[in-house]
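Have a look at the structure below before the remarks.
Numbering (the UniProt record's numbering), first residue to last: 1 to 69.
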């Protein structure tokens, strides 16, 4: 798989929480950090995602938000 996004974080699917149209997919990275993505339920099915499966979190810099208190 070739992507323009350089931030590709390997891990495994930790959990999948399905909603009405969108699922929250948690990926545990090497070292224990966890990232979450919101994707459509259709995408979960198309990818065949299951808990424990190896996966890659791909982060495009233009989509990252930062906040402070």
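Each residue gets a CB set at the ideal place from its N, CA and C atoms; glycine is no exception.
These figures come from a predicted structure and were not determined experimentally.
Heavy atom of the ligand SAH within 7 Å of residue i beta-carbon
i, result
"residue 52", "Here there are no bound small molecules, and the ligand SAH is not part of this structure."
8 Å contact criterion, which residue i and residue j should meet: CB distance rounded
i, j, result
"residue 11", "residue 28", "5 Å"
"residue 87", "residue 43", "For the chain, the structure presents residues 1 to 69; residue 87 sits outside this window and is missing."
Give, in chain order, every unbroken run of the alpha helix (DSSP H) that is at least 4 residues long and sits entirely within the UniProt domain "Mop" (2-68).
-> 41-47
Inspect the CB distances between the region 23-35 and the region 1-8 and report whether three or more fall short of 8 Å.
-> no
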